[in-house]
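**Student:** Sharing a structure, written as structure tokens. Questions coming.
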Amino acid sequence: MPDNRGSWRFIAMVSLAIAAPMPIGCEAGDDLSVGSAAAKGGGCGNGRCGRGESCATCPSDCGGCTADGGSVADSGAPDTGAPDTGAADAGSADAGSDSGPAPCTPGSIACNIDVRPVSVGSLTVGTSKIYAAPLDTGGLVTTWVGSDAAIHVTQLDATGARTAPDFSVPGQAVHGLAVVPDGYAMLIRTSFQMSFVKVSTSGAVLLERVLVAGCVGGMSTGLGALPSATGRLLWTGTRYLAYFEIVSMTSTCGLSHSQDIIFYLEADASPVPPADTWPQWPNGCSHSLDQEIDISGTSVAKVCLSDCFPSKAILYFSRGGSNTVLSPEPSGDCLGTSSASLGSLVPVSDGFWVSYTSREGRASSDVGLIHMSLTGTPDSQIWLTGTASADETGTHLARYQGGLLAGWAVSGVYYLARLDSAGSMTGAPEVVSVQFAGTAGAQRNNFFNYSNGDAGWVWAWGSMNELKVVRVRN
Ligand SMILES: [Ca+2]
Numbered sequence: 000m001p002d003n004r005g006s007w008r009f010i011a012m013v014s015l016a017i018a019a020p021m022p023i024g025c026e027a028g029d030d031l032s033v034g035s036a037a038a039k040g041g042g043c044g045n046g047r048c049g050r051g052e053s054c055a056t057c058p059s060d061c062g063g064c065t066a067d068g069g070s071v072a073d074s075g076a077p078d079t080g081a082p083d084t085g086a087a088d089a090g091s092a093d094a095g096s097d098s099g100p101a102p103c104t105p106g107s108i109a110c111n112i113d114v115r116p117v118s119v120g121s122l123t124v125g126t127s128k129i130y131a132a133p134l135d136t137g138g139l140v141t142t143w144v145g146s147d148a149a150i151h152v153t154q155l156d157a158t159g160a161r162t163a164p165d166f167s168v169p170g171q172a173v174h175g176l177a178v179v180p181d182g183y184a185m186l187i188r189t190s191f192q193m194s195f196v197k198v199s200t201s202g203a204v205l206l207e208r209v210l211v212a213g214c215v216g217g218m219s220t221g222l223g224a225l226p227s228a229t230g231r232l233l234w235t236g237t238r239y240l241a242y243f244e245i246v247s248m249t250s251t252c253g254l255s256h257s258q259d260i261i262f263y264l265e266a267d268a269s270p271v272p273p274a275d276t277w278p279q280w281p282n283g284c285s286h287s288l289d290q291e292i293d294i295s296g297t298s299v300a301k302v303c304l305s306d307c308f309p310s311k312a313i314l315y316f317s318r319g320g321s322n323t324v325l326s327p328e329p330s331g332d333c334l335g336t337s338s339a340s341l342g343s344l345v346p347v348s349d350g351f352w353v354s355y356t357s358r359e360g361r362a363s364s365d366v367g368l369i370h371m372s373l374t375g376t377p378d379s380q381i382w383l384t385g386t387a388s389a390d391e392t393g394t395h396l397a398r399y400q401g402g403l404l405a406g407w408a409v410s411g412v413y414y415l416a417r418l419d420s421a422g423s424m425t426g427a428p429e430v431v432s433v434q435f436a437g438t439a440g441a442q443r444n445n446f447f448n449y450s451n452g453d454a455g456w457v458w459a460w461g462s463m464n465e466l467k468v469v470r471v472r473n
């Protein structure tokens with residue numbers, strides 16, 4: 000049934016507050032970087048314990064890194080140069096001693112983190128629209144919007160090196176990304192139009208289909224795409240499911256009301272027959288503040304956050320459209336705002352995990368977690384934080400070491416925590432020097448699992464002139 004109780008809304012794409020650059024170690028001179036070992040200092044020959052090296056192969060830096068050099072801090076030994084003896088304002092860089100290594104605590108998550116910088120040339124990276132997905136090769140594909148306002152597609156191998164030149168696809172933003180056997184499928188928004196586009200690994204357009212067209216030539220087509228960064232595209236192995244926020248439009252191209260929509264597409268981008276509903280609308284949340292979709296076996300789960308209809312909650316939707324409240328969120332105001340935020344939807348063999356932040360029944364915003372069955376029956380809520388004075392935001396989740404890796408942020412400080420297979424935290428959360436999408440709302444960039452089981456994500460911080468590809472080794 001249509002919901003017309005709320006007004007239309009517009010999600011502003013708020014720039015993420017970026018903290019100061021963090022030192023990234025175990026990068027220069029490791030054996031897996033692009034280029035010859037000699038060109039980059041020669042692995043252990045540079046005196047630093049790089050990735051893939053150990054105390055046994057790099058005794059000169061034994062203790063500077065863990066076995067495989069994974070610390071994100073400076074993994075090497077202190078500089079051996081003399082302290083700077085120049086005049087105070089001589090202007091040249093200090094070639095003398097630094098503060099020495101900041102080795103990770105053995106066994107910590109930080110010891111398993113690798114960060115690979117990926118140059119974007121003279122551009123800067125807009126982080127609100129980064130999507131990334133793992134490849135069977137061990138690497139990943141990521142889509143991002145640069146300071147040139149173009150959508151860029153970057154393909155990387157397991158070491159973070161490009162496997163092909165970047166290419167661009169027409170449009171303003173990506174709202175979903177899926178890897179398919181012969182390329183990449185994306186949801187591409189241009190103005191109020193949302194299109195399904197499939198490209199080859201070299202950027203040739205293989206399939207294209209307009210899903211909603213918004214306003215064309217001064218006349219409304221009925222449904223348009225909202226320029227928020229939410230939306231997901233799932234490839235089930237046989238079909239696509241495109242799930243994103245829309246706005247219904249008046250005949251004169253005015254905005255009427257927002258909610259979400261799901262399209263079922265065959266492999267050739269043709270509509271799935273009406274018996275399977277094309278499109279299924281109204282589908283889920285209204286207003287739909289965020290959407291997630293994923294698959295476990297043959298079970299597809301759709302989760303969204305609503306401020307109003309069918310209830311103020313984080314909800315699971317079955318294929319037929321019935322819903323289950325996972326977390327009541329009465330802070331929703333039916334005007335496009337909720338104090339809750341949806342985190343991740345992670346498939347596991349017996350169902351799905353959903354993470355989120357919420358203030359309901361809490362002294363402040365905390366990180367919540369729910370396991371649900373393959374058909375959306377939720378278990379009890381689990382709270383990962385209980386900090387009265389801190390508002391946790393931007394939570395993410397991935398499979399990790401037989402359990403889960405959870406991340407969140409508090410005022411620009413980033414945390415990672417290990418969870419067991421029951422969702423219980425094992426050990427204290429760690430403050431890490433890597434960053435991810437740490438605020439609620441439009442700039443949600445999911446954690447994912449690489450093909451070898453490592454967790455990771457793509458983000459940018461600091462000078463914003465490079466992508467940072469993060470891998471947390473399993
Ligand atoms: Ca809190």
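According to numbering that gives the first Met the number 0, the sequence shown is numbered sequentially starting from 0.
Positions of the beta carbon are idealized from the N, C-alpha and C atoms, including for glycine.
Bear in mind that the values here come from a model prediction, so they are computed numbers and not experimental data.
For Cys214, which beta-bridge partners are listed by DSSP?
**Tutor:** Ser219
**Student:** Rounded to a whole number of angstroms, what is the C-alpha to C-alpha distance between Tyr355 and Trp407?
**Tutor:** 10 Å
**Student:** Could you tell me which of Arg231, Arg238, Thr249 and Gly253 sits nearest to Asp259, measuring between CA atoms?
**Tutor:** If we check each option's Cα against that of Asp259, Arg231 comes out closest.
**Student:** Return the bridge partner residues of Arg208 from the DSSP annotation.
**Tutor:** Phe195
**Student:** For Ser524, which of Lys128, Thr158 and Cys284 has the nearest alpha-carbon?
**Tutor:** Outside the shown range of the chain (0 to 473) lies residue 524, about which nothing can therefore be said.
**Student:** Under the assumption that Leu264 contacts Tyr239 (Cβ atoms under 8 Å), give the Cβ distance between them as a whole number of angstroms.
**Tutor:** 4 Å
**Student:** Kindly give me the distance between the Cβ atoms of Ile480 and Ser257, rounded to whole angstroms, as I take these residues to be in contact under 8 Å.
**Tutor:** Within the shown structure, residues of the chain are numbered from 0 to 473, placing residue 480 beyond reach of any answer.
**Student:** From Thr237 to Gly213, what does the alpha carbon distance come to, in whole angstroms?
**Tutor:** 28 Å
**Student:** Which of helix, strand or coil does DSSP assign to Cys252?
**Tutor:** DSSP, read as helix, strand or coil, puts Cys252 in coil.
**Student:** Relative to ligand 1, is the shortest distance from any of its heavy atoms to the C-beta of Thr235 smaller than 6 Å?
**Tutor:** no
**Student:** Please identify the residue among Gly217, Gly120, Ser247 and Thr235 whose C-alpha is closest to the C-alpha of Ser224.
**Tutor:** Reading off the sequence shown, one finds Ala at residue 224, where the question assumed Ser. Ranking the options by Cα distance to Ala224, first place goes to Ser247.
**Student:** Which residues in the same chain as Asn166 place their Cβ atom closer than 6 Å to its Cβ, once the five residues preceding and following it in sequence are excluded?
**Tutor:** It is worth fixing the name first, because residue 166 is Phe in this sequence and not Asn. Correct list, in chain order: Val152 and Gly202.
**Student:** For the putative contact between Asn448 and Trp456, defined by C-beta atoms under 8 Å, what is the C-beta separation to the nearest angstrom?
**Tutor:** About 10 Å separates the two Cβ atoms, so there is no contact after all.
**Student:** Considering only the alpha carbon of each residue, which of Cys103, Val119 and Cys303 lies closest to Lys467?
**Tutor:** Val119
**Student:** Could you give the residue range of the beta strand (DSSP E) that holds Leu334?
**Tutor:** It is not in any beta strand (DSSP E) - Leu334 carries neither H nor E in the DSSP assignment.
**Student:** Taking 6 Å as the limit between beta carbons, can you name the residues of its chain near Val13, skipping five residues before and five after?
**Tutor:** Because the pLDDT of Val13 is 26, which lies under 50, any placement of that residue in the model is unreliable, and the question is left without a value.
**Student:** Is Thr386 near ligand 1, with its Cβ less than 6 Å from a heavy atom?
**Tutor:** yes
**Student:** Taking 6 Å as the cut-off, does the CB of Ser363 come closer than this to any heavy atom belonging to ligand 1?
**Tutor:** yes
**Student:** Report, in whole angstroms, the separation of the C-beta atoms of Ala459 and Thr126, which I expect to be a contact under 8 Å.
**Tutor:** With 8 Å as the limit, Ala459 and Thr126 qualify as a contact, their Cβ atoms being about 5 Å apart.
**Student:** Could you tell me how far apart the beta carbons of Leu139 and Ala132 are, in whole angstroms, since I believe they sit closer than 8 Å?
**Tutor:** 6 Å
**Student:** Between Gly342 and Leu373, is the Cβ-Cβ spacing less than 7 Å?
**Tutor:** no
**Student:** In the DSSP assignment, what residue or residues form a beta bridge with Asn448?
**Tutor:** Ala454
**Student:** Taking the DSSP output, what are the residues bridged to Leu341?
**Tutor:** Tyr355
**Student:** Looking only at its own chain, which residues have a Cβ that is under 6 Å from the Cβ of His174, when we skip the five neighbours before and after it?
**Tutor:** Leu186, Arg188, Gly230 and Phe243
**Student:** Of the residues Glu359, Leu233 and Pro309, which one's Cα is nearest the Cα of Val299?
**Tutor:** Leu233
**Student:** Whose C-beta lies closer than 6 Å to the C-beta of Thr235 among residues of the same chain, with five residues either side of it excluded?
**Tutor:** Ile294
**Student:** Rounded to the nearest angstrom, what separates Val353 and Tyr399 at their Cα positions?
**Tutor:** Each residue's CA atom was taken as its position, placing Val353 and Tyr399 some 15 Å apart.
**Student:** Give me the Cα-Cα distance between Asp419 and Leu404, rounded to the nearest whole angstrom.
**Tutor:** 9 Å
**Student:** Of all the options Gly385, Val215, Met218 and Pro169, which has the alpha carbon lying nearest to the alpha carbon of Val196?
**Tutor:** Val196 has its Cα closest to that of Pro169, out of Gly385, Val215, Met218 and Pro169.
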